[in-house]
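In what follows, a structure is listed as C-alpha coordinates, so that the remarks can point back to it.
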Amino acid sequence: MRAPRHAGVALFASLAIACWPVLVWYVQGSFDGSNDPWGLLALATAIGAWWRAAPESPPDRPLALPTGLLVLYIAATLAALPLSLRALLAALALAALGSAWRLGRRLDFPVAALALLALPLTASLQFYGGYPLRVLAGSLAVVLLQLNGLAVELAGAVLLWDGRQIAIDAPCSGIRMLWAGAYLMATAAALFRFTPRQTLAAAALTGSLVIAANAVRAAALFYLETGLLVLPVWAHTAAGMSVFVAAGLLIIHGLYRIDRTHSAGPACLPVRVPGDAVPTRPTQLVCLLAALAPLAHGVGRAEPAAVPFPGWPTRFEGRPLTVLPLTPLENRLQQDFPGRVGRFTDGQREIILRWVTHASRQLHPSSDCFKASGYRIETLAIKRVGDQYWSRFLATRGATRLDVAERIDAPDGQQWSDVSAWYWAAQLGRTHGPWWAVTVAAPAPLQ
(Lines of atoms letter the chains of each structure in order from A; the text may use other names.)
(Lines give C-alpha, C1' and ligand atoms only; values in the text may rest on other atoms or scores of the structure.)
Protein backbone atom coordinates (compact mmCIF):
# COMPACT_ATOMS: atom_id res chain seq x y z
CA MET A 71 0.00 0.00 0.00
CA ARG A 72 1.09 3.53 -0.62
CA ALA A 73 2.24 5.89 2.08
CA PRO A 74 -0.29 8.55 3.08
CA ARG A 75 -0.23 11.59 0.82
CA HIS A 76 -0.02 14.04 3.73
CA ALA A 77 3.23 12.39 4.84
CA GLY A 78 4.75 12.95 1.41
CA VAL A 79 3.66 16.58 1.37
CA ALA A 80 5.14 17.10 4.84
CA LEU A 81 8.42 15.52 3.76
CA PHE A 82 8.61 17.66 0.63
CA ALA A 83 8.05 20.77 2.74
CA SER A 84 10.61 19.63 5.32
CA LEU A 85 13.25 18.92 2.69
CA ALA A 86 12.66 22.23 0.93
CA ILE A 87 12.88 24.18 4.19
CA ALA A 88 15.99 22.23 5.19
CA CYS A 89 17.68 23.58 2.06
CA TRP A 90 16.56 27.18 2.66
CA PRO A 91 19.86 28.76 1.48
CA VAL A 92 19.36 26.99 -1.84
CA LEU A 93 15.79 28.28 -2.07
CA VAL A 94 16.98 31.86 -1.57
CA TRP A 95 19.74 31.32 -4.13
CA TYR A 96 17.26 29.77 -6.57
CA VAL A 97 14.82 32.70 -6.43
CA GLN A 98 17.59 35.27 -6.77
CA GLY A 99 19.31 33.43 -9.62
CA SER A 100 16.05 32.84 -11.52
CA PHE A 101 14.87 36.44 -11.46
CA ASP A 102 17.98 38.67 -11.29
CA GLY A 103 18.49 38.47 -15.06
CA SER A 104 21.99 36.98 -14.91
CA ASN A 105 20.72 33.55 -16.03
CA ASP A 106 18.37 32.52 -18.79
CA PRO A 107 14.81 32.08 -17.44
CA TRP A 108 14.28 28.70 -19.09
CA GLY A 109 14.97 26.85 -15.86
CA LEU A 110 11.46 27.76 -14.73
CA LEU A 111 10.13 25.89 -17.77
CA ALA A 112 12.11 22.81 -16.74
CA LEU A 113 10.76 23.12 -13.18
CA ALA A 114 7.17 23.32 -14.43
CA THR A 115 7.78 20.33 -16.71
CA ALA A 116 9.22 18.26 -13.85
CA ILE A 117 6.22 19.06 -11.63
CA GLY A 118 3.84 18.26 -14.51
CA ALA A 119 5.55 14.93 -15.22
CA TRP A 120 5.40 14.01 -11.54
CA TRP A 121 1.78 15.07 -11.19
CA ARG A 122 0.38 13.41 -14.33
CA ALA A 123 1.96 10.04 -13.60
CA ALA A 124 -0.32 7.34 -12.25
CA PRO A 125 0.56 6.88 -8.55
CA GLU A 126 2.54 3.73 -7.81
CA SER A 127 3.52 2.10 -4.57
CA PRO A 128 6.95 3.24 -3.33
CA PRO A 129 9.91 0.83 -3.43
CA ASP A 130 11.42 -0.71 -0.35
CA ARG A 131 12.95 1.93 1.98
CA PRO A 132 11.84 4.85 -0.20
CA LEU A 133 13.54 7.48 1.98
CA ALA A 134 16.99 5.93 1.91
CA LEU A 135 18.22 7.81 -1.18
CA PRO A 136 16.68 11.22 -0.33
CA THR A 137 18.09 10.99 3.20
CA GLY A 138 21.52 9.96 1.93
CA LEU A 139 21.59 12.90 -0.49
CA LEU A 140 20.54 15.22 2.32
CA VAL A 141 23.41 13.95 4.46
CA LEU A 142 25.78 14.78 1.58
CA TYR A 143 24.15 18.22 1.42
CA ILE A 144 24.90 18.76 5.12
CA ALA A 145 28.53 17.74 4.59
CA ALA A 146 28.79 20.14 1.62
CA THR A 147 27.31 22.93 3.73
CA LEU A 148 29.74 22.35 6.61
CA ALA A 149 32.59 22.30 4.07
CA ALA A 150 31.36 25.68 2.77
CA LEU A 151 31.12 24.40 -0.80
CA PRO A 152 29.49 26.77 -3.32
CA LEU A 153 25.72 27.04 -3.23
CA SER A 154 25.53 25.87 -6.83
CA LEU A 155 27.03 22.49 -5.84
CA ARG A 156 24.74 22.21 -2.83
CA ALA A 157 21.81 23.02 -5.10
CA LEU A 158 22.62 19.99 -7.24
CA LEU A 159 22.35 17.73 -4.18
CA ALA A 160 19.13 19.42 -3.02
CA ALA A 161 17.55 19.04 -6.47
CA LEU A 162 18.49 15.35 -6.64
CA ALA A 163 17.12 14.79 -3.12
CA LEU A 164 13.77 16.34 -4.07
CA ALA A 165 13.69 14.35 -7.33
CA ALA A 166 14.46 11.13 -5.43
CA LEU A 167 11.69 11.83 -2.93
CA GLY A 168 9.16 12.52 -5.70
CA SER A 169 10.29 9.46 -7.63
CA ALA A 170 9.85 7.14 -4.65
CA TRP A 171 6.61 8.67 -3.40
CA ARG A 172 4.67 8.77 -6.65
CA LEU A 173 6.59 7.11 -9.50
CA GLY A 174 7.59 3.89 -7.74
CA ARG A 175 11.30 4.35 -8.55
CA ARG A 176 14.28 5.07 -6.39
CA LEU A 177 15.23 7.83 -8.81
CA ASP A 178 13.37 8.60 -12.00
CA PHE A 179 16.16 9.71 -14.34
CA PRO A 180 14.05 11.98 -16.60
CA VAL A 181 12.53 13.83 -13.63
CA ALA A 182 15.97 14.11 -12.01
CA ALA A 183 17.36 15.57 -15.25
CA LEU A 184 14.54 18.13 -15.39
CA ALA A 185 15.18 19.04 -11.75
CA LEU A 186 18.85 19.72 -12.54
CA LEU A 187 17.95 21.69 -15.67
CA ALA A 188 15.64 23.84 -13.54
CA LEU A 189 18.59 25.24 -11.57
CA PRO A 190 19.72 28.75 -12.60
CA LEU A 191 23.18 27.65 -13.68
CA THR A 192 23.50 28.85 -17.27
CA ALA A 193 25.92 31.62 -16.29
CA SER A 194 28.02 29.15 -14.28
CA LEU A 195 27.93 26.60 -17.10
CA GLN A 196 29.13 29.28 -19.49
CA PHE A 197 31.87 30.24 -17.04
CA TYR A 198 33.19 26.72 -16.44
CA GLY A 199 32.20 24.91 -19.62
CA GLY A 200 32.10 27.63 -22.26
CA TYR A 201 35.79 27.60 -23.13
CA PRO A 202 36.26 23.77 -23.17
CA LEU A 203 33.18 23.42 -25.38
CA ARG A 204 34.49 26.08 -27.78
CA VAL A 205 37.83 24.28 -27.98
CA LEU A 206 36.03 21.00 -28.69
CA ALA A 207 33.83 22.62 -31.35
CA GLY A 208 36.89 24.26 -32.89
CA SER A 209 38.83 20.98 -32.99
CA LEU A 210 35.99 19.20 -34.79
CA ALA A 211 35.42 22.19 -37.10
CA VAL A 212 39.10 22.12 -38.10
CA VAL A 213 38.69 18.49 -39.18
CA LEU A 214 35.66 19.39 -41.31
CA LEU A 215 37.39 22.39 -42.86
CA GLN A 216 40.57 20.44 -43.59
CA LEU A 217 38.50 17.74 -45.29
CA ASN A 218 37.25 20.54 -47.54
CA GLY A 219 40.81 21.45 -48.49
CA LEU A 220 41.38 24.43 -46.18
CA ALA A 221 44.64 24.60 -44.21
CA VAL A 222 42.99 25.66 -40.95
CA GLU A 223 44.62 25.30 -37.54
CA LEU A 224 43.35 25.85 -34.01
CA ALA A 225 44.98 27.90 -31.26
CA GLY A 226 42.87 27.78 -28.12
CA ALA A 227 39.40 28.76 -29.34
CA VAL A 228 40.68 30.65 -32.39
CA LEU A 229 40.74 29.30 -35.95
CA LEU A 230 43.90 30.26 -37.87
CA TRP A 231 43.82 30.47 -41.66
CA ASP A 232 45.75 32.46 -44.24
CA GLY A 233 47.20 34.78 -41.59
CA ARG A 234 43.75 35.54 -40.19
CA GLN A 235 42.29 34.73 -36.79
CA ILE A 236 38.62 33.75 -36.48
CA ALA A 237 37.61 33.54 -32.83
CA ILE A 238 34.88 31.16 -31.65
CA ASP A 239 33.28 33.52 -29.15
CA ALA A 240 31.28 32.75 -26.00
CA PRO A 241 27.78 32.63 -27.61
CA CYS A 242 29.10 29.89 -29.93
CA SER A 243 30.10 27.60 -27.07
CA GLY A 244 26.89 25.61 -27.50
CA ILE A 245 25.76 25.89 -23.86
CA ARG A 246 22.27 27.00 -24.84
CA MET A 247 22.01 24.38 -27.56
CA LEU A 248 23.14 21.73 -25.08
CA TRP A 249 20.55 22.90 -22.52
CA ALA A 250 17.78 22.89 -25.13
CA GLY A 251 18.74 19.41 -26.31
CA ALA A 252 18.88 18.10 -22.74
CA TYR A 253 15.46 19.61 -22.01
CA LEU A 254 13.99 18.05 -25.14
CA MET A 255 15.47 14.67 -24.20
CA ALA A 256 14.37 14.80 -20.55
CA THR A 257 10.83 15.92 -21.41
CA ALA A 258 10.37 13.16 -23.97
CA ALA A 259 11.87 10.58 -21.60
CA ALA A 260 9.48 11.67 -18.83
CA LEU A 261 6.51 11.67 -21.19
CA PHE A 262 7.21 8.17 -22.51
CA ARG A 263 8.35 6.82 -19.11
CA PHE A 264 11.79 5.77 -20.27
CA THR A 265 13.65 3.23 -18.19
CA PRO A 266 17.07 4.25 -16.77
CA ARG A 267 18.79 2.40 -19.60
CA GLN A 268 16.70 4.15 -22.23
CA THR A 269 17.30 7.51 -20.57
CA LEU A 270 21.07 7.02 -20.54
CA ALA A 271 20.98 6.02 -24.21
CA ALA A 272 18.89 9.11 -25.01
CA ALA A 273 21.31 11.34 -23.09
CA ALA A 274 24.34 9.92 -24.93
CA LEU A 275 22.60 10.38 -28.29
CA THR A 276 21.57 13.95 -27.47
CA GLY A 277 25.02 14.96 -26.25
CA SER A 278 26.71 13.52 -29.33
CA LEU A 279 24.30 15.24 -31.73
CA VAL A 280 24.63 18.61 -29.99
CA ILE A 281 28.43 18.48 -30.00
CA ALA A 282 28.45 17.51 -33.68
CA ALA A 283 25.93 20.24 -34.51
CA ASN A 284 28.00 22.87 -32.73
CA ALA A 285 31.06 21.83 -34.74
CA VAL A 286 29.09 22.10 -37.98
CA ARG A 287 27.88 25.55 -36.90
CA ALA A 288 31.44 26.69 -36.16
CA ALA A 289 32.60 25.44 -39.58
CA ALA A 290 29.68 27.14 -41.36
CA LEU A 291 30.31 30.45 -39.58
CA PHE A 292 33.99 30.23 -40.54
CA TYR A 293 32.99 30.60 -44.20
CA LEU A 294 30.88 33.64 -43.37
CA GLU A 295 33.44 35.35 -41.12
CA THR A 296 36.33 34.87 -43.59
CA GLY A 297 34.30 36.10 -46.56
CA LEU A 298 34.66 32.82 -48.43
CA LEU A 299 30.88 33.02 -48.67
CA VAL A 300 29.42 36.49 -49.07
CA LEU A 301 25.91 36.48 -47.63
CA PRO A 302 23.68 39.06 -45.88
CA VAL A 303 24.27 39.83 -42.20
CA TRP A 304 21.24 37.84 -41.13
CA ALA A 305 22.81 34.69 -42.58
CA HIS A 306 24.96 34.38 -39.44
CA THR A 307 21.90 33.93 -37.22
CA ALA A 308 20.10 31.86 -39.85
CA ALA A 309 23.00 29.42 -40.06
CA GLY A 310 23.00 28.87 -36.32
CA MET A 311 19.23 28.40 -36.19
CA SER A 312 19.26 25.99 -39.14
CA VAL A 313 21.87 23.79 -37.48
CA PHE A 314 19.92 23.87 -34.20
CA VAL A 315 16.64 22.87 -35.91
CA ALA A 316 18.36 20.04 -37.77
CA ALA A 317 19.91 18.78 -34.52
CA GLY A 318 16.51 18.96 -32.80
CA LEU A 319 14.85 16.92 -35.52
CA LEU A 320 17.58 14.27 -35.31
CA ILE A 321 17.19 14.14 -31.52
CA ILE A 322 13.42 13.66 -31.85
CA HIS A 323 13.93 10.89 -34.40
CA GLY A 324 16.45 9.18 -32.13
CA LEU A 325 14.14 9.43 -29.12
CA TYR A 326 11.32 7.90 -31.16
CA ARG A 327 13.55 4.98 -32.08
CA ILE A 328 14.61 4.50 -28.45
CA ASP A 329 10.97 4.60 -27.33
CA ARG A 330 10.20 1.72 -29.70
CA THR A 331 12.90 -0.45 -28.17
CA HIS A 332 12.30 -2.49 -25.05
CA SER A 333 14.66 -2.41 -22.13
CA ALA A 334 16.07 -5.74 -21.05
CA GLY A 335 15.27 -4.97 -17.42
CA PRO A 336 12.21 -3.67 -15.57
CA ALA A 337 11.70 0.04 -15.05
CA CYS A 338 12.13 -0.34 -11.32
CA LEU A 339 12.60 -3.06 -8.77
CA PRO A 340 9.22 -4.65 -7.97
CA VAL A 341 9.81 -4.46 -4.22
CA ARG A 342 7.02 -2.76 -2.33
CA VAL A 343 6.50 -1.58 1.19
CA PRO A 344 4.52 -4.23 3.05
CA GLY A 345 2.85 -1.81 5.44
CA ASP A 346 0.63 1.17 4.88
CA ALA A 347 3.01 3.77 6.18
CA VAL A 348 6.62 4.80 5.74
CA PRO A 349 8.67 5.87 8.78
CA THR A 350 9.57 9.53 8.26
CA ARG A 351 10.93 10.67 11.64
CA PRO A 352 14.63 9.92 10.92
CA THR A 353 14.44 11.83 7.64
CA GLN A 354 12.74 14.77 9.35
CA LEU A 355 15.54 14.87 11.93
CA VAL A 356 18.10 14.96 9.11
CA CYS A 357 16.09 17.81 7.55
CA LEU A 358 16.38 19.71 10.85
CA LEU A 359 20.15 19.20 10.89
CA ALA A 360 20.38 20.41 7.29
CA ALA A 361 18.44 23.57 8.14
CA LEU A 362 20.80 24.31 11.06
CA ALA A 363 24.02 23.42 9.23
CA PRO A 364 24.48 26.87 7.59
CA LEU A 365 24.42 28.44 11.08
CA ALA A 366 27.22 26.18 12.28
CA HIS A 367 29.70 27.11 9.58
CA GLY A 368 30.09 30.46 7.85
CA VAL A 369 29.97 30.76 4.12
CA GLY A 370 33.39 30.39 2.53
CA ARG A 371 35.21 33.70 2.16
CA ALA A 372 37.87 34.75 -0.25
CA GLU A 373 41.41 34.22 0.93
CA PRO A 374 43.43 37.35 1.61
CA ALA A 375 45.65 38.49 -1.22
CA ALA A 376 49.05 36.80 -1.27
CA VAL A 377 50.64 40.01 -2.64
CA PRO A 378 50.00 43.61 -1.62
CA PHE A 379 47.62 45.70 -3.71
CA PRO A 380 49.73 47.90 -6.05
CA GLY A 381 47.20 50.73 -6.11
CA TRP A 382 44.89 51.93 -8.85
CA PRO A 383 46.39 53.28 -12.09
CA THR A 384 46.11 57.02 -12.63
CA ARG A 385 45.83 56.87 -16.42
CA PHE A 386 44.16 54.57 -18.94
CA GLU A 387 45.08 54.59 -22.64
CA GLY A 388 46.79 57.94 -22.14
CA ARG A 389 43.84 59.62 -20.42
CA PRO A 390 43.79 60.60 -16.72
CA LEU A 391 41.38 58.63 -14.55
CA THR A 392 38.95 60.11 -12.06
CA VAL A 393 37.65 57.92 -9.25
CA LEU A 394 33.88 57.41 -9.12
CA PRO A 395 31.92 56.06 -6.15
CA LEU A 396 30.90 52.42 -6.40
CA THR A 397 27.28 51.72 -7.20
CA PRO A 398 25.29 49.26 -5.04
CA LEU A 399 25.90 46.59 -7.69
CA GLU A 400 29.66 47.02 -7.50
CA ASN A 401 29.52 47.05 -3.71
CA ARG A 402 27.85 43.63 -3.92
CA LEU A 403 30.59 42.50 -6.29
CA GLN A 404 33.20 43.28 -3.65
CA GLN A 405 31.67 40.88 -1.12
CA ASP A 406 33.94 37.81 -0.98
CA PHE A 407 35.75 39.05 -4.10
CA PRO A 408 39.38 37.84 -4.27
CA GLY A 409 40.86 41.29 -4.84
CA ARG A 410 39.64 44.86 -5.36
CA VAL A 411 36.97 46.58 -7.50
CA GLY A 412 37.26 50.20 -8.66
CA ARG A 413 35.11 52.49 -10.79
CA PHE A 414 36.59 55.35 -12.85
CA THR A 415 35.98 57.70 -15.75
CA ASP A 416 38.34 59.19 -18.32
CA GLY A 417 35.89 61.96 -19.14
CA GLN A 418 34.19 60.07 -21.93
CA ARG A 419 33.89 56.46 -20.81
CA GLU A 420 33.19 54.58 -17.58
CA ILE A 421 35.91 52.11 -16.67
CA ILE A 422 35.60 49.28 -14.14
CA LEU A 423 38.88 47.78 -12.95
CA ARG A 424 39.03 44.53 -11.03
CA TRP A 425 42.30 43.39 -9.47
CA VAL A 426 42.17 39.61 -8.97
CA THR A 427 44.56 37.59 -6.83
CA HIS A 428 43.47 34.05 -7.75
CA ALA A 429 41.17 32.25 -10.16
CA SER A 430 37.61 32.46 -8.90
CA ARG A 431 34.02 32.27 -10.12
CA GLN A 432 33.58 35.68 -8.49
CA LEU A 433 35.26 37.21 -11.53
CA HIS A 434 32.26 36.73 -13.78
CA PRO A 435 31.64 38.37 -17.17
CA SER A 436 30.45 41.95 -16.88
CA SER A 437 27.50 41.04 -19.10
CA ASP A 438 26.07 39.14 -16.10
CA CYS A 439 26.12 42.38 -14.07
CA PHE A 440 24.41 44.33 -16.83
CA LYS A 441 21.72 41.64 -17.18
CA ALA A 442 21.13 41.74 -13.43
CA SER A 443 20.70 45.53 -13.69
CA GLY A 444 17.95 45.17 -16.29
CA TYR A 445 19.93 45.72 -19.49
CA ARG A 446 19.24 43.84 -22.70
CA ILE A 447 22.46 42.31 -24.03
CA GLU A 448 23.46 41.94 -27.68
CA THR A 449 26.78 40.20 -28.29
CA LEU A 450 29.17 41.81 -30.80
CA ALA A 451 32.20 40.49 -32.60
CA ILE A 452 35.57 40.49 -30.80
CA LYS A 453 37.41 43.78 -31.40
CA ARG A 454 41.14 44.00 -32.06
CA VAL A 455 42.99 47.18 -31.10
CA GLY A 456 46.69 46.78 -31.86
CA ASP A 457 47.72 43.60 -30.07
CA GLN A 458 44.73 43.72 -27.71
CA TYR A 459 41.57 41.63 -28.10
CA TRP A 460 38.34 42.82 -26.48
CA SER A 461 35.06 40.96 -26.15
CA ARG A 462 32.14 43.33 -26.79
CA PHE A 463 28.41 43.62 -26.31
CA LEU A 464 25.70 46.26 -26.53
CA ALA A 465 23.79 46.94 -23.31
CA THR A 466 20.42 48.66 -23.75
CA ARG A 467 17.99 49.84 -21.09
CA GLY A 468 15.39 52.42 -22.05
CA ALA A 469 17.15 55.34 -23.72
CA THR A 470 20.55 54.21 -22.45
CA ARG A 471 22.69 52.34 -24.94
CA LEU A 472 26.26 51.35 -24.07
CA ASP A 473 29.06 49.75 -26.06
CA VAL A 474 30.87 47.58 -23.51
CA ALA A 475 34.28 45.96 -24.02
CA GLU A 476 36.33 43.85 -21.62
CA ARG A 477 39.52 41.86 -21.36
CA ILE A 478 41.80 40.32 -18.71
CA ASP A 479 45.54 41.00 -18.54
CA ALA A 480 48.27 38.94 -16.83
CA PRO A 481 51.58 40.27 -15.47
CA ASP A 482 53.51 38.39 -18.19
CA GLY A 483 51.56 40.03 -21.03
CA GLN A 484 49.04 37.25 -21.66
CA GLN A 485 45.47 38.40 -22.27
CA TRP A 486 42.02 36.90 -22.62
CA SER A 487 38.89 38.31 -24.15
CA ASP A 488 36.56 36.13 -22.08
CA VAL A 489 36.49 34.96 -18.48
CA SER A 490 36.10 31.24 -19.16
CA ALA A 491 39.34 31.05 -21.16
CA TRP A 492 41.20 32.95 -18.41
CA TYR A 493 39.81 30.69 -15.68
CA TRP A 494 40.95 27.47 -17.34
CA ALA A 495 44.36 28.92 -18.16
CA ALA A 496 44.77 29.76 -14.47
CA GLN A 497 43.50 26.36 -13.32
CA LEU A 498 45.92 24.58 -15.67
CA GLY A 499 48.85 26.65 -14.40
CA ARG A 500 49.40 28.47 -17.69
CA THR A 501 49.11 31.88 -16.03
CA HIS A 502 49.71 33.25 -12.57
CA GLY A 503 48.20 36.31 -10.95
CA PRO A 504 47.41 38.80 -9.89
CA TRP A 505 45.44 39.84 -12.96
CA TRP A 506 43.64 42.99 -14.08
CA ALA A 507 40.13 42.68 -15.52
CA VAL A 508 39.19 45.81 -17.47
CA THR A 509 35.65 46.74 -18.51
CA VAL A 510 35.06 49.87 -20.61
CA ALA A 511 31.54 51.21 -21.21
CA ALA A 512 31.05 54.00 -23.73
CA PRO A 513 27.81 55.60 -24.97
CA ALA A 514 26.68 54.00 -28.22
CA PRO A 515 24.63 55.93 -30.81
CA LEU A 516 20.98 55.03 -31.03
CA GLN A 517 20.04 53.24 -34.21
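Under my numbering, the first residue of the sequence shown carries the number 71, and numbering increases by one thereafter.
All C-beta atoms, glycine included, are put in the ideal place defined by N, C-alpha and C.
Here the structure is a predicted model, which means the values were calculated and not measured.
Taking 7 Å as the cut-off, the Cβ atoms of Ala170 and Pro132 count as close.
The alpha carbon of Ala149 has as its nearest neighbour, out of Ser487, Ala221, Leu450, Ala360, the alpha carbon of Ala360.
Looking at the DSSP output, Trp249 shares a beta bridge with no other residue. Distances from the CA of Ile321 to each of Gly219, Leu248, Trp304, Leu299 were compared; the closest alpha carbon is that of Leu248. Residue range 266-296 is occupied by the alpha helix (DSSP H) that includes Phe292. Shortest Cα-Cα distance from Ala260 to any of Ile238, Ala182, Ala88 involves Ala182. In this structure Ile478 is in contact with Trp492, their Cβ atoms being roughly 5 Å apart against a cut-off of 8 Å. Under the criterion of beta carbons closer than 8 Å, Thr427 and Pro408 qualify as touching, at roughly 5 Å.
Judged by DSSP secondary structure, Val213 falls within the alpha helix (DSSP H) whose first and last residues are 192-217.
Going by beta carbons, Ala511 and Val474 fall inside the 7 Å limit. For Asp479, the secondary structure class from DSSP, reduced to helix, strand or coil, is strand. Here the alpha carbons of Val377 and Ala480 stand approximately 14 Å from one another. Following the DSSP letters along the chain, one finds Ser154 in no beta strand (DSSP E) but inside the alpha helix (DSSP H) bounded by residues 153-168.
The Cβ atoms of Gly199 and Ala240 do not sit closer than 7 Å to each other.
The three-state reading of DSSP puts Arg172 in helix, counting H, G and I together. In this chain, Arg431 is not harboured by any beta strand (DSSP E), its DSSP state being neither H nor E. Per DSSP, reduced to three states, the secondary structure at Tyr459 is strand. Within the DSSP secondary-structure output, Val508 pairs in a beta bridge with Leu423, Arg477. About 16 Å separates the beta carbons of Gly244 and Leu224, which is beyond the 8 Å limit, so they are not a contact pair.
Inclusion of Arg204 and Ile236 in the CB contact set at 7 Å is not warranted, their separation being larger than that value.
Closest by C-alpha distance to Ala227, out of Val213, Ala221, Leu206, Val300, is Leu206. Linking Leu140 to Thr265 through their CA atoms gives a straight-line distance of about 25 Å. Leu140: member of the alpha helix (DSSP H) spanning 134-148, first to last residue.
When DSSP reads this structure, Arg446 sits in a beta bridge with Thr466. Counting along the chain, Gln235 sits inside no alpha helix (DSSP H); it lies in the beta strand (DSSP E) bounded by residues 234-237. Within the model, the alpha-carbon separation for Leu215 versus Leu291 is close to 11 Å. Partner residues in a beta bridge of Pro515, as assigned by DSSP, do not exist. Around the beta carbon of Asp232, fewer than 16 other beta carbons sit within 10 angstroms, so the residue counts as exposed. Judged by their CB atoms, Arg176 and Leu135 are nearer to each other than the 7 Å cut-off. Membership of Ala221 in any alpha helix (DSSP H) is not indicated, and neither H nor E is assigned to it by DSSP.
Classified as exposed, Met311 has fewer than 16 neighbouring CB atoms from the shown chains inside 10 Å of its CB. Residue pairing by DSSP places Trp95 in no beta bridge whatsoever. For Thr307, the enclosing alpha helix (DSSP H) starts and ends at 305-330.
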